[in-house]
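Colleague: One structure follows; several queries about it will come next.
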Amino acid sequence: MCGIVGYIGDQNATEVILNGLHRLEYRGYDSAGIAVLENGSIALRRDVGKLNRLAELLKNSPIAGNVGIGHTRWATHGVPSERNAHPHLGNTGKVVVVHNGIVENFIALKAELLSEGAVFRSDTDTETIVLLVEKFLAEGMDLISAACATLKLLQGAHGVVLFSIDEPDKIITARMGNAGGVVIGIGEGETFIASDIPAILEHTRKMVFLETHQMAVVTKKGVDVMDLDGNPVDYTVSSVAWDPVSAEKGEYRHFMQKEIHEQVRSLTDTLAGRADFERGDIYLQELNLTREKAEAIGKIFITACGTAAHAGMVGKYLIEHLAKIPVEVEIASEFRYRDPIIAENSVVLAISQSGETADTLAAMTLGKEQGATLWSIVNAIGSQAMRISDGSISMQTGPEIGVASTKAFTAPLVDLYMLAIVLADAKGLLSSETKQTLITDLAKIPGLVGECLLREKDVEEVSKKIMNAENALYLGRGIQMPIAYEGALKLKEISYIHAEGYPAGEMKHGPIALLDDDLPVVAICPQDRWHDKMISQIEQAKARGAYVIAVAEDGDEKVALLADDVLWVPHTSWLLMPVLTVIPLQILAYQIAALRGLDVDQPRNLAKSVTVE
Ligand code: M6R
14 MCGIVGYIGD QNATEVILNG LHRLEYRGYD SAGIAVLENG SIALRRDVGK LNRLAELLKN
74 SPIAGNVGIG HTRWATHGVP SERNAHPHLG NTGKVVVVHN GIVENFIALK AELLSEGAVF
134 RSDTDTETIV LLVEKFLAEG MDLISAACAT LKLLQGAHGV VLFSIDEPDK IITARMGNAG
194 GVVIGIGEGE TFIASDIPAI LEHTRKMVFL ETHQMAVVTK KGVDVMDLDG NPVDYTVSSV
254 AWDPVSAEKG EYRHFMQKEI HEQVRSLTDT LAGRADFERG DIYLQELNLT REKAEAIGKI
314 FITACGTAAH AGMVGKYLIE HLAKIPVEVE IASEFRYRDP IIAENSVVLA ISQSGETADT
374 LAAMTLGKEQ GATLWSIVNA IGSQAMRISD GSISMQTGPE IGVASTKAFT APLVDLYMLA
434 IVLADAKGLL SSETKQTLIT DLAKIPGLVG ECLLREKDVE EVSKKIMNAE NALYLGRGIQ
494 MPIAYEGALK LKEISYIHAE GYPAGEMKHG PIALLDDDLP VVAICPQDRW HDKMISQIEQ
554 AKARGAYVIA VAEDGDEKVA LLADDVLWVP HTSWLLMPVL TVIPLQILAY QIAALRGLDV
614 DQPRNLAKSV TVE
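Under the numbering used here, the residue at position 253 of the sequence shown is numbered 266, and the numbers go up by one with no gaps.
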C-alpha cells in the first residue's frame, strides 16, 4: 500500500525522502511525490509510475529544503495520475499533506467543503484533509489545533503527515486505526517520519511508534506525542536492531530470490534463544504463557491473510496433533465479519509478516472485544499486531522486501511447531523421549532447508518445461494441503499463471474435469500418512494425460515411477515436512516468473502490506 517518508533537520529533505521512498518500493505503488519547504514556499514534484520517473523529474527540476514529506501511492480514490498523486496542497498553497488510508466520510466532507467555496484539484479523498486544516487555520486556530480538529472529523483508518509554511519548525503526523504504521526516527538534530522502519533505518535506530488516535509534533529536536485533544501522552523510544544492509539485494537478481536463500539463516535465527537442544526444551518468553493458562485454553482461533493464513493452516495440524487443543483457522477478512463464538478461555492467534494488515488487525480487535487472549506471530518489530497482543512470537526473519512472502512463511511454521510443543508440554502430554525427538528434529531443519536450496538447478529444468502454461493445479493432503495452496498462490501472484491449490481428495468432486495434457499438476507427496492417497491421485491425473510434477521424499520409488518430474526433498518428520516441501515450490514460482521476464518483487496490483480493506 502507500508509503510515507518525512524529514526535518539540516540535510536536504528531498534526498532523504527519495532515498526512503526507494526503500519502500517493495510495498507497491502507482505514483509518487515529494513536497519540500523551499525559500518560504512549498515546492512540489509528483509523477505516475515508478520512482525512477520521480527521480528523473527531480533531476531535471530540482527542489531543496530542510523540511519535507514524500509518498508512494496505491490508488484507492481516483486513477493513478499526477494530479491524484500525493502530496496534496491546499487552496492557499501553504499547507501540504500525505496520507495512507481511506477517508470513509469523504463524500459528505467534500460536499460541505465545496459548499463553503473550497476548490478540489484531485479526485482523492486525501484532499479533504488539507482543505479542512486550511479551513480551521482560517478560523484562527494554530496548526496543532487545526490538525486535531481535522483528524477528529475523519472516519476510517489513517496515517497522516502534514506541514505548513506558516509554522516551518514542525511536521505533524498522526495515526488513526490501522492504515499502516507511523514511526518517528529520532536523530541528532534531525527527525524522520515513515510508514515503515526500512525507510529511515539507515539514519537512526531510535524509533517512536504511534498508537492509534495519537498525533505527534515533530521538530528537529525530537517529538511530542499527544492525543487528538492535544493532551501530552507518554511514549517509549524503542531501539530497532534490523540491519539496513539486509534490505539490499546483494548478489541476487531479485529480493525474492535472496529471501528464498535467506531461509537457512532466518530459521536458524528463529530457533536461536528459543530451542535449547542440549536441555531439550523450548522457551517462548514473549508469549507470557503459564502452565495454568495452557491448561485452561479451550480453543485457538488462528486468523491471518494470504500466505500467513496458509502457515496458520499448517499450525492447526501441529497444535491439534501435539497439544490436543481444537484450532479453527479463518481468513481474517471473513472472521471479522461473522459472529464467531469466542469463549473467554479462547486464544486468538494472528499471523502477519507486516503486523499492519488491516483485516488481521480488525480480527484481533474482535477477539479482544470478546474477551479472548491475543497472541501474534509477527515479523515487523513494533508493528500494531505485536503491540496489541498479550503475547507474541517475533519471526526473526529480518525485513522481507519481495511482495511474495517466502521466509515469512517458513519462520511461522517453525514458530507454530515450537508453540505446539510448548502447549503440549505444559499440558503434560509429552513424554521426555517424544519431546527430545521433536526438538532434535527441529535442530536439523535449517540444514535440511539448505539441502533443498542446493537442488535449485533441478527445479530450473521443470520451470523451463511449464513456464508457458496457462493454468496449473496444486494438490496436497493433510498437513501438505496448505502447501498446495501456498505453492499455487506463489505461482499466480508473481507469474500471473492461473493456479489452483486443492485438497487432493476433492479432485474427483470437480477439478478432475480440468485435466488434460495442457495442465501441469503439482502433487505434494511426502511419505506421510496421506502418501498412499496421494499416489492414487497421481495415478488418476496421469490416466487423464496430465503432466505431473511431484514433490517427494528422497528415495521414493513409487513416485519416481509415476510422476513426469520429481522435485526431491530430504527426510524429516511429517510435522516439519511442510517447511521443506514449500522450498521447491517457492523456487519454481520464482524461476517461472523470472523466465517470463516479470517484475518478480513488485507484481502488478499487489502491495506488500495491505493496510486497507
Ligand atoms: O503482512 P501479512 O503477513 O499480514 O500479509 C498477509 C498477506 O497479504 C500476504 O501474505 C500476501 O498473501 C503475500 N503477497 C503472499 O505472498
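A virtual CB, placed ideally from N, CA and C, is assigned to each residue, including glycine.
Here's a check: name, in chain order, each residue in its chain whose Cβ is nearer than 8 Å to the Cβ of L575, leaving out the five neighbours to either side.
Modeller: Result list for L575: I548, I551, E552, K555, V561 and A563, in chain order.
Colleague: How would you write the range of the alpha helix (DSSP H) that R400 sits in, first residue to last?
Modeller: Q397 to I401
Colleague: Which runs of the beta strand (DSSP E), 3 residues or longer, sit entirely within the stretch 294-327?
Modeller: 312-317
Colleague: Within 7 Å: the Cβ of L156 and any heavy atom of ligand 3?
Modeller: Although ligand 3 was asked about, the structure shown includes only ligand 1 as ligands.
Colleague: Go ahead and pull the three-state DSSP assignment for N484.
Modeller: strand
Colleague: With a threshold of 8 Å, are at least 3 pairs of Cβ atoms found where one atom belongs to the stretch 576-589 and the other to the stretch 497-507?
Modeller: no
Colleague: Is the stretch 96-104 in contact with the stretch 47-64, if contact means three or more CB pairs nearer than 8 Å?
Modeller: A contact exists between the stretch 96-104 and the stretch 47-64.
Colleague: What does the Cβ neighbour count give for K470, buried or exposed, with the cut at 16 atoms within 10 Å?
Modeller: exposed
Colleague: Contact between the stretch 376-393 and the stretch 435-450 is defined here as three or more beta-carbon pairs at a separation below 8 Å; is this criterion met?
Modeller: no
Colleague: Return the CA-CA distance between E570 and G610, expressed in angstroms with no decimal places.
Modeller: Rounded to the nearest angstrom, the two C-alpha atoms are 36 Å apart.
Colleague: What's the C-alpha gap between L126 and G91?
Modeller: Cα to Cα, the separation comes out at about 18 Å.
Colleague: Determine the DSSP secondary structure at H90, reduced to helix, strand or coil.
Modeller: It is coil, neither helix nor strand.
Colleague: Quick check on DSSP: helix, strand or coil for T139?
Modeller: If DSSP states are grouped into helix, strand and coil, T139 belongs with coil.
Colleague: Relative to the C-alpha of S279, which candidate in Y248, I178, P425 and A336 has its C-alpha closest?
Modeller: P425
Colleague: Looking at the structure shown, is A187 part of a helix, part of a strand, or coil, going by DSSP?
Modeller: Correct three-state label for A187: strand.
Colleague: Out of P516, E519 and L486, point me to the one whose CA is closest to L532's CA.
Modeller: It is L486.
Colleague: Pull up the distance between the alpha-carbon of G33 and that of K312, whole angstroms please.
Modeller: 43 Å
Colleague: Comparing C-alpha positions only, which one of P459, E95, S177 and T141 sits nearest to I21?
Modeller: S177
Colleague: How do the stretch 589-602 and the stretch 419-438 stand: do at least 3 beta-carbon pairs fall below 8 Å, yes or no?
Modeller: They touch, by the three-pair rule.
Colleague: Whose C-alpha, out of L167, L145, Q168 and I157, is nearest the C-alpha of K183?
Modeller: I157
Colleague: May I have the straight-line CA-CA distance separating A393 from I364, to the nearest angstrom?
Modeller: Each residue's Cα considered, the two are about 11 Å apart.
Colleague: Please give the ranges of any alpha helix (DSSP H) in the stretch 17-102, keeping only runs that are unbroken, at least 4 residues long and fully inside the region.
Modeller: Note on the stretch 17-102: whole alpha helix (DSSP H) runs with a minimum of 4 residues are 26-36 and 64-73, in chain order.
Colleague: Please report how far the alpha carbon of A192 lies from the alpha carbon of L37, in whole angstroms.
Modeller: 15 Å
Colleague: Just checking A485 against ligand 1 - is the residue's beta carbon closer than 7 Å to any of the ligand's heavy atoms?
Modeller: Taking 7 Å as the cut-off, the C-beta of A485 does not count as close to any heavy atom of ligand 1.
Colleague: Do G16 and Y42 have their C-beta atoms within less than 8 Å of each other?
Modeller: With a cutoff of 8 Å on beta-carbon distance, G16 and Y42 are scored as near each other.
Colleague: Quick one: residues in its chain with C-beta nearer than 7 Å to the C-beta of M431, no 5 flanking neighbours on either side, listed in chain order?
Modeller: R287, A288, I295 and L297
Colleague: From A212 to E275, what does the alpha carbon distance come to, in whole angstroms?
Modeller: Rounded to whole angstroms, the separation of the alpha carbons of E275 and A212 is 21 Å.
Colleague: Measuring straight from C-alpha to C-alpha, what distance separates L283 and S74?
Modeller: Checking the sequence, you will find Thr at residue 283 rather than Leu. Note on geometry: alpha-carbon atoms of T283 and S74 lie some 47 Å from one another.
Colleague: Taking only heavy atoms of ligand 1 into account, decide whether any of them is closer than 7 Å to the Cβ of T373.
Modeller: yes
Colleague: Roughly how many angstroms lie between the CA atoms of E145 and I115, to the nearest whole one?
Modeller: With the sequence shown as reference, residue 145 is identified as Leu, and Glu is not the correct amino acid for it. Near 15 Å, if we compare the C-alpha coordinates of I115 and L145.
Colleague: To which residues of the same chain is T373 closer than 7 Å at the C-beta, ignoring the five residues directly before and after it?
Modeller: T316, A317, C318, A345, A363, S365 and A398
Colleague: Using only alpha-carbon positions, find the residue among T370, D247, S407 and A356 that is nearest to E3.
Modeller: Given that the chain is displayed from residue 14 to residue 626, the structure contains no residue 3 and the question cannot be resolved.
Colleague: Quick one: does the C-beta of C15 sit closer than 7 Å to a heavy atom of ligand 1?
Modeller: no
Colleague: Do you know how far the Cα of K440 is from the Cα of A307?
Modeller: 7 Å
Colleague: Going by the CB atoms, is the gap between F314 and E341 shorter than 8 Å?
Modeller: yes
Colleague: Which class does G384 belong to by DSSP, given the choice of helix, strand or coil?
Modeller: coil
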